[in-house]
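*Asks:*
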Amino acid sequence: MKRDIEATRTALLRAAKELMTSCGDVDAVTSRAITSRAGVNLAMINYCFGSREELLYEVFRQLLSDAQRADPELAGLLSADMSARERITLIHCRMMKLMIANFGYAKAVTRFILLNRSPEAGLEVLPMVEEHFAGRKTADECRLIAYELTSLHELAVLRHAELKSLCGIDLTDDAELERYVRESVERYLD
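Take any residue in the sequence shown, count from 1 to its spot, add 19: that is its number in the working numbering.
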């Protein structure tokens with residue numbers, strides 16, 4: 020039974036990933052389309068993942084993990100010999116660029132991430148925020164800063180077209196993306 024559930028989870032993940040990479044509109048990646056491609060009952064998404072959004076979030080996490088493995092420089096930023104502020108800036112630039120380049124994935128899961136993930140998830144920069152403040156802020160204050168900064172940048176990716184039309188900030192341009200991230204990091208780390 021347990022092996023069957025794992026096989027179903029794997030089939031659902033594979034089907035969702037295939038659909039997300041092959042369709043032009045992520046809204047077309049419905050629960051029915053996923054389960055049809057996976058060859059399983061519609062109820063299995065909720066049974067295995069809790070919801071379609073949780074399934075898509077897991078696909079996105081796998082994409083990020085694959086990208087980090089494929090980009091040793093990104094993984095190296097976590098312990099690079101530079102200021103914590105600079106590491107935070109470069110990590111957020113890289114992650115936002117990756118999310119924009121894979122916007123179908125990002126769009127599918129960012130709303131879910133912003134509204135449903137636990138406050139502990141996605142805080143890879145927390146140790147760097149704590150290092151930056153070196154005891155001048157409490158652990159809770161540092162956690163809040165890391166959470167807010169990460170959430171701000173996820174929202175910016177989700178709304179990057181509106182940022183461009185309303186504010187003239189083109190996050191698809193590497194120089195503008197870096198300037199945007201540097202300015203927001205400065206606001207949070209002052």
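The beta carbon of each residue, even a glycine, is placed where N, CA and C say it ideally should be.
From the DSSP output, in three-state form, read off residue 171 for me.
*Replies:* If DSSP states are grouped into helix, strand and coil, residue 171 belongs with the helices.
*Asks:* Relative to the alpha-carbon of residue 104, which residue among 82, 144, 184 has its alpha-carbon at the smallest distance?
*Replies:* Of the listed residues, the one whose Cα sits closest to residue 104 is 144.
*Asks:* Ignore the nearest five residues each way along the sequence and tell me which others in residue 195's own chain have a CB closer than 8 Å to its CB.
*Replies:* Answer for residue 195: 188, 189, listed in chain order.
*Asks:* Between which two residues does the alpha helix (DSSP H) harbouring residue 156 extend?
*Replies:* Residue 156 -> no alpha helix (DSSP H), and no H or E assigned at all.
*Asks:* Alpha carbon to alpha carbon, how far is residue 41 from residue 174?
*Replies:* Roughly 24 Å between the two C-alpha positions.
*Asks:* Can you name, in chain order, every residue of its own chain whose Cβ lies under 7 Å from the Cβ of residue 170, other than the five neighbours on each side?
*Replies:* Here the set comprises 133.
*Asks:* Among the residues of its own chain, which have a CB less than 6 Å from the CB of residue 86, if the five just before and after it don't count?
*Replies:* So the list reads 117, once near-sequence residues are dropped.
*Asks:* Just to confirm, is the Cβ distance from residue 47 to residue 30 under 8 Å?
*Replies:* Not in contact: residue 47 and residue 30 (Cβ atoms no closer than 8 Å).
*Asks:* Closer than 6 Å by C-beta to residue 186: which residues in its own chain qualify, once you throw out the five before and the five after it? Chain order, please.
*Replies:* Cβ within range, chain order: n/a, list empty.
*Asks:* Restricting to Cα atoms, I'd like to know which of 68, 110, 79 is closest to residue 123.
*Replies:* Residue 79 is the option with its Cα nearest to residue 123.
*Asks:* Taking only runs that begin and end inside the stretch 65-149, name each unbroken alpha helix (DSSP H) of 4 or more residues, in chain order.
*Replies:* DSSP runs (the alpha helix (DSSP H)) wholly in the stretch 65-149: 71-89, 91-96, 103-120, 122-135.
*Asks:* Taking C-alpha atoms, which residue in 35, 28, 176, 150 lies nearest to residue 98?
*Replies:* Here the closest residue by C-alpha is 150.
*Asks:* Could you give the first and the last residue of the continuous alpha helix (DSSP H) run that contains residue 200?
*Replies:* Taken as a continuous stretch (DSSP letters only), the alpha helix (DSSP H) holding residue 200 covers 193-208.
*Asks:* Please return the same chain residues whose Cβ sits closer than 6 Å to the Cβ of residue 135, not counting the five positions on each side in sequence.
*Replies:* Cβ neighbours of residue 135 beyond the five flanking positions: none.
*Asks:* Can you tell me which of the three DSSP states residue 188 falls into?
*Replies:* Coil at residue 188, not helix or strand.
*Asks:* Cα-Cα, which of 39, 38, 207 is closest to residue 161?
*Replies:* Ranking 39, 38, 207 by Cα distance to residue 161 puts 207 first.
*Asks:* Hey, could you find the ends of the alpha helix (DSSP H) residue 57 is sitting in?
*Replies:* Residue 57 -> alpha helix (DSSP H) spans 50-57.
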